[in-house]
Amino acid sequence: MAGRQPPYLDVDRLIDDRRNRILVCCGSGGVGKTTTAAALGLRAAERGRRVVVLTVDPARRLAQSMGLTSLDNTPRLVPGVPSDSDAGDAGNGDSSGGSLHAMMLDMKRTFDEIVEAHADPDRAAQILANPFYQSLSSSFAGTQEYMAMEKLGQLRRAEEWDLIVVDTPPSRSALDFLDAPQRLSRFLDGRLLRLLVAPAKVGGRAYMRVLNAGFGVVTGVLTKILGTQVLRDVQTFVSALDTMFGGFRERADYTYQLLRTPGTAFLVVAAPEPDALREASYFVERLAEERMPLAGLILNRVQRPPAAQLSAARSLAAAEMLEAGAAPYPLAVAALRLHADRMQEAAGQRRVAEHFTAAHPLVPVAEIPAQPDDIHDLEGLRRIGQAFGSR
Amino acid sequence: MTTRDTDWDGVRLHVVTGKGGTGKTTVAAALALALASGGKKVLLMEVEGRQGIAQLFDVPPLPYAERRIAVAPGSPSGHGGEVFALVADPESALVEYLEMFYSLRHAGTALTRMGVMDFATTIAPGLRDVLLTGKAAEAVRRKEQGRGRAYDAVVMDAPPTGRISRFLNVTAEVSGLAKVGPIRGHADTVQRVIRSPETAVHFVTLLEEMPVQETLDGIEELRELDGIRPGGVIVNMARPLALPPGQLEAAAAGALDAGQLLLGLKAAGLDDLPAVAEGLATELSEQARTAAGQEVLLRRLREAGQPCYELPWISDGVDLGGLYRLAARLRDQRAA
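Protein chains in written order, with the working numbering: chain Y, 0 to 390; chain E, 614 to 949.
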């Protein structure tokens with residue numbers, strides 16, 4: 000039974016098209032998002048683009064493969080990346096040559112920089128020293144997403160690169176990437192904080208009466224939960240932040256809009272497993288709702304047994320027959336059992352991929368075969384990139 | 614009822630963590646089933662709102678309430694056990710907390726409107742974690758009339774490895790904010806449960822570089838926290854490669870005995886032989902390379918000094934039957 004074939008996602012065409020300026024790799028955790036983003040970046044650089052890859056939490060060896068040794072929030076040139084156009088022009092720094100930069104996000108540093116950019120030095124110092132700010136900037140569940148977006152905005156404005164590849168933070172849900180920044184900025188710019196600081200500023204009298212009733216409950220409850228000292232920290236933080244009100248939402252909105260512009264393309268990365276593809280489905284639907292441009296789905300770790308002409312059933316039967324026979328053929332038995340396993344796994348993967356395509360028939364798909372080894376150098380990343388060049 | 618020695622006798626709160634994609638929820642569920650067998654009552658708790666338990670047991674989405682979702686096999690002479698499930702979300706836990714301690718019954722809606730719910734459960738750092746671990750601690754401590762403990766054990770499908778030490782170290786998290794005050798008192802109670810010998814943190818991993826590294830880092834981080842005990846390391850989806858002695862190295866080097874392979878395949882009467890044999894040889898050598906890398910990773914895991922368990926890869930996907938199989942494997946290895 001042949002399932003419906005999805006359209007082919009031509010990754011090379013995507014990265015060769017110079018109108019594309021931002022590629023966002025999203026998907027649930029553990030599907031190889033970071034590796035895919037790095038492989039895309041490398042391939043694009045070797046095809047002549049000036050690329051920066053923004054990663055959030057790369058595996059140690061993957062980071063090493065790109066020459067990243069510290070989380071220092073600065074794009075570093077990845078050594079050993081020859082570009083297509085190297086052969087043609089001897090000049091260095093020529094704009095036609097490709098290059099690859101990579102960086103790891105330091106969310107606290109990024110947050111500090113926003114504060115420093117928006118407040119005068121005294122006030123900035125006051126905010127940075129506030130206990131509530133310190134917790135917020137280093138541990139709030141959405142800070143990482145928010146700061147990744149902020150960094151993306153900064154890299155885009157810098158105009159030093161013609162392609163930015165973003166690896167989204169490893170959250171349980173791919174949607175956090177879209178939602179968390181707005182949640183944080185809504186809070187920072189929101190009514191609650193203003194109320195906590197100065198209820199009188201909010202509005203007219205009639206409005207105040209209504210609000211005050213609610214406000215009494217709110218401060219009462221917050222005091223009960225957190226205690227007065229925490230509330231005081233929050234209030235100090237908020238009044239120090241007063242000059243920046245609006246700034247957070249503006250910045251989050253800027254990046255959100257950036258994601259909607261024609262130069263941006265989303266790639267949903269998933270492993271061919273039910274959980275990952277269910278998450279991918281949610282994301283595809285959400286992007287459509289938000290009118291954000293989806294380029295396609297990248298299916299990672301696809302099982303492609305080289306001896307695919309031999310079916311799982313036939314392979315198992317052969318193994319059993321050999322085991323029952325007089326002469327032992329341990330090597331052949333091991334090979335046949337392994338093959339049966341891989342064929343079964345491949346069939347299972349095809350099934351879940353077909354479910355996805357049945358629900359989203361128009362979403363183009365590209366596949367990356369499962370790699371026998373962990374990726375730990377540029378050569379490994381290059382191999383993955385080559386999968387994009389062949390159907 | 615027979616008494617068996619397990620590696621975790623005396624542990625009543627089993628926190629199960631693991632990197633995304635390692636099958637943490639599946640292992641937590643299998644562990645709950647394993648702990649329940651022989652007539653025990655176990656609560657399986659989910660804290661990340663993914664409804665992973667419901668999907669695993671193939672039931673409709675679960676509410677913030679304790680529901681029985683499975684029975685466990687009995688001992689030869691005794692009753693079967695029961696597994697209850699609870700999906701804990703911070704909002705409900707906060708409302709419950711306010712009701713329990715302050716009789717603030719209808720505060721919920723007002724709080725949501727004012728953005729306080731958002732603030733308290735997603736933005737106020739650490740508060741969310743205290744509410745969730747607090748719910749687990751409450752279930753561990755709860756008594757039932759005539760029965761003693763309400764649950765023999767609680768298994769928590771916890772946040773991923775990268776966040777686990779912060780998640781469990783709630784006192785430190787909250788004390789950065791609240792040096793005194795009600796939430797601080799609550800956090801201290803929760804901490805006493807988490808830092809007691811009744812709590813162990815198990816790590817689920819695959820034999821791949823990144824999850825193994827995160828497991829090792831996670832164990833190290835917990836040890837530094839002093840009092841939070843790392844538990845077992847569960848290697849999930851293990852696929853051992855059965856090769857004749859000496860052939861693994863040869864296969865990994867791409868130099869396996871092609872003649873012998875071909876002979877065996879001929880004996881099995883397969884068609885299209887040279888091509889199939891070549892394909893199979895490639896598969897074997899790829900798998901051998903993977904296995905060699907996994908051997909190194911396994912050694913590193915063992916060096917961490919925690920008990921290691923292995924659960925097999927289930928080729929046709931984990932259904933309820935598969936869960937029972939995994940539970941039995943955990944019991945065979947004395948993980949439960």
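Even for Gly, the Cβ is constructed at its ideal location relative to N, Cα and C. Please read all numbers here as calculations on a predicted model, not as lab measurements.
**Prompt:** With a CB to CB cut of under 8 Å and the five nearest residues on each side skipped, what residues in its chain are close to residue 25 of chain Y?
**Reply:** Exclusion of the five residues before and after residue 25 of chain Y leaves 32, 167, 173, 176, 265, 266, 267, 268, 282 as the residues of its chain whose Cβ lies within less than 8 Å of its Cβ.
**Prompt:** Relative to the alpha-carbon of residue 678 of chain E, which residue among E/633, E/749, E/919, E/796 has its alpha-carbon at the smallest distance?
**Reply:** E/749
**Request:** Compare the C-beta of residue 853 of chain E against all C-beta atoms of chain Y and say whether one is closer than 8 Å.
**Result:** no
**Prompt:** At a Cβ threshold of 8 Å, is residue 773 of chain E touching chain Y?
**Reply:** yes
**Message:** Nearest by alpha-carbon distance to residue 696 of chain E: which of E/936, E/946, E/839 is it?
**Reply:** E/936
**Reduced DSSP category for residue 692 of chain E - H, G, I as helix; E, B as strand; rest coil** = coil
**Asked** Does residue 27 of chain Y come within less than 8 Å of chain E when only Cβ atoms are used?
**Response** yes
**Message:** Any beta carbon from chain E within less than 8 Å of residue 8 of chain Y's own beta carbon?
**Reply:** no
**Message:** Let's see if you can read the secondary structure: which residues bound the alpha helix (DSSP H) around residue 386 of chain Y?
**Reply:** 377-388
**Prompt:** Which residues does DSSP pair with residue 697 of chain E in a beta bridge?
**Reply:** Paired residues: E/656, E/681.
**Message:** Starting from residue 669 of chain E, trace the alpha helix (DSSP H) in both directions and tell me its first and last residue.
**Reply:** 665-670
**Request:** Could you say which of E/741, E/685, E/698 lies nearest to residue 710 of chain E if we only look at CA atoms?
**Result:** E/741
**Prompt:** Taking DSSP as the reference, what is the three-state secondary structure of residue 65 of chain Y?
**Reply:** coil
**Asked** Is residue 321 of chain Y helix, strand or coil when you go by DSSP?
**Response** helix
**Asked** Does the stretch 667-675 of chain E come within contact of the stretch 648-656 of chain E, defined as at least 3 CB pairs closer than 8 Å?
**Response** no
**Prompt:** Buried or exposed: where does residue 703 of chain E fall if 16 or more other Cβ atoms within 10 Å of its Cβ makes it buried?
**Reply:** buried
**Item:** Residue environment, residue 328 of chain Y, which counts as buried when at least 16 other CB atoms sit within 10 Å
**Value:** buried
**Prompt:** Do residue 831 of chain E and residue 816 of chain E come within 8 Å of each other at the CB atom, strictly closer than that value?
**Reply:** Between residue 816 of chain E and residue 831 of chain E, the gap from beta carbon to beta carbon is short of 8 Å.
**Asked** What residues in its chain sit with their C-beta under 6 Å from that of residue 654 of chain E, if we drop five residues either side in the sequence?
**Response** Within the same chain, residue 654 of chain E has close Cβ partners 695, 764, 765.
**Message:** Taking CB distances under 8 Å as the criterion, tell me whether residue 933 of chain E reaches chain Y.
**Reply:** no
**Request:** State the start and end residues of the unbroken alpha helix (DSSP H) segment that holds residue 796 of chain E.
**Result:** 795-807
**Asked** Helix or strand or just coil, what does DSSP make of residue 632 of chain E?
**Response** coil
**Message:** Does residue 272 of chain Y come out as helix, strand or coil in the three-state DSSP assignment?
**Reply:** coil
**Asked** With respect to the alpha helix (DSSP H) encompassing residue 144 of chain Y, which residues constitute its N-terminal and C-terminal limits?
**Response** 142-157
**Message:** According to DSSP, residue 814 of chain E sits in a beta bridge with which residue or residues?
**Reply:** According to DSSP, which records beta bridges pairwise, residue 814 of chain E is partnered with E/628, E/843.
**Message:** Can you look up residue 49 of chain Y in the DSSP assignment and give me helix, strand or coil?
**Reply:** strand
**Prompt:** Cβ of residue 881 of chain E less than 8 Å from any chain Y Cβ?
**Reply:** yes
**Request:** Compute the beta-carbon to beta-carbon distance between residue 155 of chain Y and residue 257 of chain Y, rounded to the nearest angstrom, for a pair I have assumed lies under 8 Å.
**Result:** That pair is a contact at about 6 Å.
**Request:** Quick one: list the residues of chain E neighbouring residue 344 of chain Y, beta-carbon separation under 8 Å, in chain order.
**Result:** 928
**Request:** Give the interface partners of residue 889 of chain E over in chain Y, defined as CB-CB distance under 8 Å, in chain order.
**Result:** 306, 308, 309
**Asked** If you pair each beta-carbon of the stretch 857-867 of chain E with each one of the stretch 901-913 of chain E, do three or more pairs fall below 8 Å?
**Response** yes
**Request:** Would you please verify whether the beta carbon of residue 745 of chain E is less than 8 Å from any beta carbon of chain Y?
**Result:** no
**Prompt:** Listed in chain order, which residues of the stretch 835-868 of chain E have Cβ atoms closer than 8 Å to some Cβ of chain Y?
**Reply:** 852, 854, 855, 856, 857, 860
**Item:** Three-state secondary structure (DSSP) of residue 619 of chain E
**Value:** Note: residue 619 of chain E maps to coil in three-state DSSP.
**Message:** Buried or exposed, going by whether 16 or more other CB atoms sit within 10 Å of the CB of residue 391 of chain Y?
**Reply:** Nothing can be reported for residue 391 of chain Y: it is not among the residues displayed for chain Y, which extend from 0 to 390.
**Request:** Mind listing the chain Y neighbours of residue 876 of chain E? Cutoff is C-beta to C-beta under 7 Å, in chain order.
**Result:** 328
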